[in-house]
Amino acid sequence: MKTKLGVIAAAALLWGSGARAELVDRVAAVVNRDIITLSEVNQRAAPELARLAGEKDARRRADARAQMMKQALDVLIAEKLIEAEIRELGMTVSPSEVDEAMADVRKQNGMETQEQFEELLQREGYTLKSYREFLGKQIARGRLMQMKVGPKVKVSEEDLKAAYAQYAKLEGGEAEVHARHILVSVDPKASPEQVEAAQKKAQAIAEEARRPGMDFAALAKARSEGPSAEDGGDLGFFRRGVMVPAFEKTAFALKEGEVSEPIRTNFGWHVLKVEERRAVGVAPYEELRAKLEQQLRQDKTEKYIDQYVQELRQKSSVEVKI
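Going by this note's numbering, the residue at position 98 of the sequence shown is 697; the numbering climbs one at a time, nothing skipped.
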């Protein structure tokens, strides 16, 4: 089930036991007086690292792993810098504000009872107490960003029209595809060995799906572990920007009737078949205006947040140890 619990380290640490155990508590970075451990970096990077299971080239796998670890460490450093700024400004979040946010998350995830909600939190690696702490930090960070970044984010009519012109140029005559998929699910906390076993299972399904005369919809009903199995894995028609990047890239590269190699997402391994492609026109400006404005605001907000974090980093003591 896809949840809206925020940015969560959903997978288990990928480090083994024994000889490597002593690495877990190494210091990865020191931010002012706050320490970030290697185990924290591994935990934050774990969902991305799990996707490397299918990479056969050792050099590329090592390079990708190093990049993912660096990105995870940069995020943790940014969080420490922001938390320090929140403390310095004396910003606080009241219990009632956290209660309201908890109720909103529970509603978004369709949890009718408190027991269901706590089970969901447990599956994502949280206790009720730790998730309240997480939400409190998120609320404070949002408030700080609104104070420091919000006033800089402005979107003019000229910006919107320029974005629409670019969109129309890129999307004019763009196709949308009708696809089906078969999912071999992978637990977020699965080990690399379990991820690889699931990939092999998905590869066998892909080969089976390519057999002459094979009914992909029937195969999906029988073999898929996803919620669309009952509908024969039917995803309907969709355009670019709807699916996760890896899934979308494959879908738009396939020809009608082609079956993909297994595709890795947070849910597991997918085998995809494109049933049909069709060209679609570009929606009028007024219809897309609100969506374009939202996207531009998001892009500008991310840009100014990056700038703000860099300013905090320049005036702080940040020592990277790995």
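Backbone N, C-alpha and C fix where the C-beta goes; we use that ideal spot for every residue, glycine too.
Item, Value
"Alpha carbon to alpha carbon, how far is Q897 from G840?", "15 Å"
"Return yes when the Cβ of S784 is within less than 8 Å of the Cβ of E824, no when it is not.", "yes"
"How would you write the range of the beta strand (DSSP E) that L782 sits in, first residue to last?", "774-784"
"Buried or exposed: A644, going by 16 or more other Cβ atoms within 10 Å of its Cβ?", "buried"
"What residue from R809, E770, F846, M744 has the CA that sits closest to L782's CA?", "F846"
"Can you tell me whether D633 is helix, strand or coil according to DSSP?", "strand"
"In this structure, does DSSP put L871 in helix, strand or coil?", "strand"
"Since D662 is in the alpha helix (DSSP H), which residue starts that stretch and which ends it?", "657-688"
"Of all the alpha helix (DSSP H) runs that stay within the bounds of the segment 833-897, which reach a length of 4 or more residues?", "844-852"
"Go ahead and pull the three-state DSSP assignment for K914.", "coil"
"Whose C-beta lies closer than 7 Å to the C-beta of V640 among residues of the same chain, with five residues either side of it excluded?", "A627, M668, A671, L672, L675"
"Just how far apart, CA to CA, sit Q737 and E678?", "10 Å"
"Grouping DSSP H, G and I as helix and E and B as strand, with all else coil, what is V794?", "helix"
"With a cut-off of 8 Å, do at least 3 Cβ pairs link the segment 887-895 to the segment 825-839?", "no"
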